[in-house]
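The block underneath contains the structure these notes are about, expressed in structure tokens.
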Amino acid sequence: MLQTSALAANFYDILVLLIFSLLTYILYFYICYFTRSSPLPGPIPLPIIGNVFSYPGDADKWAQQLQKKYGDIYEIYLGSARTVWLNRSDLVQKIMSTSSENHFRFRTIEHDGMNDLGMTTKGLFFNRIEEDALYHRKFFAKTIMTPQMGKDAVDFMQVAFNEMEFFLKDYGCFDESTEIDFAGWMHRLMFEIIIKLTTTSRVYALTNYYNSLNPSKKTLVPENEFLNTEKFVNSIKKFFDSWVFFLFTIKIMRGIPGIRRTRKKLLEEKNWYYKSVLEIVKMRRGQIEQSDRDSLSKDMLTQFLTVNTTKDVTKGISDEHYRESMSDEAIAGNMIEILGGGTVTTSNTICYIIHHVAHYPEVQQRIRQELDDVLGTDRDSKITFEDLNKLKYCEAVINEVSRIWPTVPINLRASTKPDVIGNHKFPANTQFVINQRGIHLHHQNWNNPLEFNPSRFLTDGESKVHKNAFLMFGGGVKKCPGRNLAMVEMKTMMALIYRKYDIVLVNHESIKYHYAFVRQCDEMKVKVRQRSA
-11 MLQTSALAAN FYDILVLLIF SLLTYILYFY ICYFTRSSPL PGPIPLPIIG NVFSYPGDAD
49 KWAQQLQKKY GDIYEIYLGS ARTVWLNRSD LVQKIMSTSS ENHFRFRTIE HDGMNDLGMT
109 TKGLFFNRIE EDALYHRKFF AKTIMTPQMG KDAVDFMQVA FNEMEFFLKD YGCFDESTEI
169 DFAGWMHRLM FEIIIKLTTT SRVYALTNYY NSLNPSKKTL VPENEFLNTE KFVNSIKKFF
229 DSWVFFLFTI KIMRGIPGIR RTRKKLLEEK NWYYKSVLEI VKMRRGQIEQ SDRDSLSKDM
289 LTQFLTVNTT KDVTKGISDE HYRESMSDEA IAGNMIEILG GGTVTTSNTI CYIIHHVAHY
349 PEVQQRIRQE LDDVLGTDRD SKITFEDLNK LKYCEAVINE VSRIWPTVPI NLRASTKPDV
409 IGNHKFPANT QFVINQRGIH LHHQNWNNPL EFNPSRFLTD GESKVHKNAF LMFGGGVKKC
469 PGRNLAMVEM KTMMALIYRK YDIVLVNHES IKYHYAFVRQ CDEMKVKVRQ RSA
């Protein structure tokens, strides 16, 4: 009996201590919160979890809701970490500067979620090792950002598009009643293209997608096929899902049973994707070892693999800091981002272009007039890289769709030094969230910002776009290195589609998508018809 009483007393003492500690922490938390430097508008956070309880699962929708309520600069707490959200072009001037003095060089502050995902020491996007990120960016400058890459893209896109046309015709997609998922075809098409451009390999993603849709009439795939492209494309999509999960789910929540299972599944998908890319890297290394230097191509993967070796095909990439060859693991860390970005961002933007143009017949007619003027009336003629430079209205349409409905609506930057933004002082290691869509639709920089008007991007349209008011590819020292290639791909796809086909939306009202750092178009049902006029 005495022993039971003693246990009860001990339990009571422990409970009192825990309650006292919790209340002390809560008191300390709110004292720090209400006495913080440079306070900003924003919802009052809860201890430990901050404001994540109000996160709706879509950072873009959240940003627009918060901007309406709190204005153009406000703060949100993700756990105990303060994040400052910027929603006006002048507020991001320093962040988007291209100056070498720019100290907003990282996407995130030290982040346990992205560490958990293994993204902060590899690749380019979230890499917090600045010297490595700058070194990796050189490879982009020598490959993806070059005019030759654009020319190669134009040529191969026409080959791949012709293959897709064959499959669509064979599947009966030009019949009056047949519907296709345009998003599904675009994801496979762009995956096929980015693999070819960066590795020179064919993976037959379109063939495999056709076979999955039409198992009773499969098309044979060449024997040298080495990828499960259907699983690959789906893993790329999950890869972006994992970004959002680990960015917005605080560490303590990732241990909750249901959320823990999600974490495990996303890590498994990411690891499968990484290991599959690593196999591609190792396979190419073996091929290079069996080849003469003069016979090697200068694609991106080969440049990664040969830099600082006896078979080096790179020029101007090595420097005094990097005299060693790159490991397979480091190369795979870059390639998962390249293949992911090249597949998801461009394919989704093309879907959104199709969706918006379908609502504006006069815009479609002007696109076709430009295509006829530049390419001629032969709808099967070869498109050249030089032709694309003349498609000014097509580019204006791409820009306007990306202004109103950006594929990447939210961007991230972190400071490494103290600074002043909007008359507010912020210490080093402050996390900034840039509401790119909010900036794109801000009345300060645009006439009738909600109106769809591609002509605003033409020289005879509105006056010059205000600096940092249009952030389709981000900006500053972290501006998207694939921007030139993406624009070439989108203009080429517009030309291939609109000069030959009418695309009829099955659902005119909404876009079926989910937020995964990029807006991923999950499905877009359309009917494809031969161009009527």
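Start counting the sequence shown at -11; every next residue gets the next number (the numbering used here). Where is the CB? At the ideal position from N, CA and C, for every residue including glycine. Nothing here was measured: the structure is a model prediction, and the numbers come from that model.
It is roughly 15 angstroms from the alpha-carbon of E374 to the alpha-carbon of Q146. The alpha-carbon separation between D60 and L208 amounts to approximately 55 angstroms. Within 10 angstroms of the beta-carbon of Q275 lie fewer than 16 other beta-carbons, which makes it exposed.
Membership of K303 in any alpha helix (DSSP H) is not indicated, and neither H nor E is assigned to it by DSSP. Following the DSSP letters along the chain, one finds Y65 inside the beta strand (DSSP E) bounded by residues 61 to 66. Linking V142 to Y486 through their CA atoms gives a straight-line distance of about 16 angstroms. For D287, there is no enclosing alpha helix (DSSP H), since its DSSP letter is neither H nor E. Note on geometry: alpha-carbon atoms of Y58 and I14 lie some 25 angstroms from one another. In the structure shown, W393 adopts coil according to DSSP, grouped into three states. Bridge partners of Y503 according to DSSP: R507. In this structure, P35 is the residue among P35, S403, N(-2), R24 with its C-alpha nearest to the C-alpha of T12. Cα atoms of F127 and M288: separation of roughly 7 angstroms, rounded to the nearest angstrom. Per DSSP, D316 lies in no beta strand (DSSP E); the unbroken alpha helix (DSSP H) holding it starts and ends at 316 to 345. Counting of Cβ neighbours within 10 angstroms places R519 among the exposed residues, the total staying below 16. The C-alpha of F233 lies about 47 angstroms from the C-alpha of D361. Non-local C-beta neighbours of S42 in its own chain, meaning closer than 7 angstroms and more than five positions away in sequence, comprise P31, ordered along the chain. Of the candidates P397, V80, L266, N296, L266 places its Cα closest to the Cα of I319. Here D1 is exposed. Its C-beta has fewer than 16 other C-beta atoms within 10 Å. One alpha carbon belongs to S223, the other to K258, and they sit about 7 angstroms apart. Short of 6 angstroms from the beta carbon of G463, and not among the five residues preceding or following it, lie these beta carbons of its own chain, in chain order: M84. Note that the C-beta distance between K270 and D316 is below 9 angstroms. Taken through DSSP and simplified to helix, strand or coil, T109 comes out as coil.
Between the alpha carbons of P44 and H502 lies a gap of roughly 12 angstroms. In this structure, the beta-carbon distance from S279 to T297 does not fall below 9 angstroms. Segment contact: the region 417 to 433 against the region 390 to 400, three or more CB-CB distances shorter than 8 angstroms; contact assigned. Taken through DSSP and simplified to helix, strand or coil, L493 comes out as strand. When secondary structure is reduced to three states using DSSP, D229 falls in the helix class. Within the region 138 to 166, no complete beta strand (DSSP E) segment of 3 residues or longer occurs. Remark: C-beta atoms of S189 and F220 do not approach each other more closely than 9 angstroms. Between the region 320 to 329 and the region 108 to 122 there are three or more inter-stretch CB-CB distances shorter than 8 angstroms, so the stretches are counted as touching. Using a Cβ distance threshold of 9 angstroms, S306 and L105 do not count as a contacting pair.
Between the alpha carbons of E218 and F505 lies a gap of roughly 22 angstroms. Counting only the Cα atoms, K370 lies some 20 angstroms from F155.
Within the DSSP bridge table, the entry for G38 names L34, L66 as partners.
Annotation: T395 to S498 spans about 15 angstroms, alpha carbon to alpha carbon. A buried status is given to F170, since no fewer than 16 other beta-carbon atoms sit within 10 Å of its beta-carbon.
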